[in-house]
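Asker: Its first residue numbered 3, the sequence shown is counted upward by one per residue in the working numbering.
For reference, the structure I am asking about is given below.
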Amino acid sequence: MKRNSILLLLIVAIIFSCKNDSTKENELLQKENELLKKEIELERRENSMDKKKSNKSEIESEDIKSKPSKRDLLSSNISEFNMLHSKSENIKVQYNGDFVIDMGSASSGRVAGNLKNLNLSFEHLPERPGCADVCPEMIVIKFDCKLRKKCISEPTMSDFYSDSGTISIANISVGKKTFELLNRINKNLN
């Protein structure tokens, strides 16, 4: 019986030590597994960030390629301006900024010069008393020479220069579009 009890104690000791070893081994395996999961997650994040950076740089380079140049914008705006006023031979803007706007009468305005030398503004005037009976609603575009130097001429009297000039346009949508295009052309010239 002593032998059986010693044998039984040895078996229990071996089982207990095996169980402790397997528990330790399981703990080590679980820790290793957790570390591997963390490494995989870090790699995924790095790959995701690399993809985002790559996509961002591709998008930025596509944006740079797809953005029209200043010259393209200038050309487009001048063409649009000249098309808007294609019925009049006396209203033109050239690619160097030179322009002539002759509205046909002194009261509507006649100006010529170079847009590079000008500050532009506009005013929307409502219908009001004056003119022959009632002045119609209109857009008045003002041309002011920078530094108040005389840079605007009267197209019918090319020797006469002034430091400002105006034109008026009774068609409100055409007047607003005219100002918008002149302003864009001016900005792309400078």
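Cβ coordinates follow ideal geometry from the N, Cα and C atoms, glycine included.
Quick one, are the C-beta atoms of Val142 and Glu125 less than 8 Å apart?
Answerer: For the purposes of this step, residue 142 is taken as residue 140 along the sequence shown, with counting starting at 1. For the purposes of this step, residue 125 is taken as residue 123 along the sequence shown, with counting starting at 1. It is a contact, given that the beta carbons lie within the stated cut-off.
Asker: Starting from Met140, trace the beta strand (DSSP E) in both directions and tell me its first and last residue.
Answerer: Here residue 140 corresponds to residue number 138 of the sequence shown, with the count starting at 1. Taken as a continuous stretch (DSSP letters only), the beta strand (DSSP E) holding Met140 covers Met140 to Cys147.
Asker: Suppose you measure from the CA of Leu183 to the CA of Asp52; what does that come to, to the nearest Å?
Answerer: Residue numbering aside, residue 183 sits at position 181 when the sequence shown is read from its first letter. Residue numbering aside, residue 52 sits at position 50 when the sequence shown is read from its first letter. If you take the alpha carbons of Leu183 and Asp52, they lie about 43 Å apart.
Asker: Once you ignore the five residues that flank Leu76 on each side, which residues in its own chain have a CB closer than 6 Å to its CB?
Answerer: Taking the sequence shown and counting its residues from 1, one reaches residue 76 at position 74. The residues are Asn190.
Asker: Taking 7 Å as the line, does the beta carbon of Ser160 fall inside it for any heavy atom of the ligand NAP?
Answerer: Here there are no bound small molecules, and the ligand NAP is not part of this structure.
Asker: Apply the 10 Å Cβ neighbour rule to Ile169 and answer buried if 16 or more other Cβ atoms are within range, or exposed otherwise.
Answerer: For the purposes of this step, residue 169 is taken as residue 167 along the sequence shown, with counting starting at 1. Buried, because 16 or more other Cβ atoms sit within 10 Å of the Cβ of Ile169.
Asker: Tell me which same chain residues have a C-beta within less than 6 Å of the C-beta of Arg130, skipping the five on either side of it?
Answerer: Start at 1 with the first residue of the sequence shown, and residue 130 comes out as number 128. So the qualifying residues of the chain are Cys137.
Asker: Would you call Val176 buried or exposed, if buried means 16 or more other Cβ atoms sit within 10 Å of its Cβ?
Answerer: Along the sequence shown, one-based indexing puts residue 176 at 174. Exposed is the call here.
Asker: From the DSSP secondary-structure annotation, give me the bridge partner or partners of His126.
Answerer: Position 124 of the sequence shown, counted from the first residue, corresponds to residue 126. His126 pairs with Ile141.
Asker: What residues in its chain sit with their C-beta under 6 Å from that of Glu156, if we drop five residues either side in the sequence?
Answerer: Taking the first residue of the sequence shown as position 1, residue 156 is located at position 154. Hits under 6 Å: Arg112 and Phe162.
Asker: Cβ of Phe181 within 8 Å of Cβ of Leu122?
Answerer: As a working mapping, residue 181 is identified with position 179 in the sequence shown. As a working mapping, residue 122 is identified with position 120 in the sequence shown. Pairing Phe181 with Leu122 gives a Cβ-Cβ distance under 8 Å.
Asker: Alpha carbon to alpha carbon, how far is Glu36 from Asn49? Give it in angstroms, no decimals.
Answerer: Position 47 of the sequence shown, counting from 1, holds the residue named residue 49. Position 34 of the sequence shown, counting from 1, holds the residue named residue 36. Each residue's alpha carbon lies about 20 Å from the other.
Asker: On the CB-based measure, 16 or more other CB atoms within 10 Å of its CB, does Ile154 come out buried or exposed?
Answerer: Here residue 154 refers to the residue found at position 152 when the sequence shown is read from its first residue. With 16 or more other Cβ atoms within 10 Å, it is buried.
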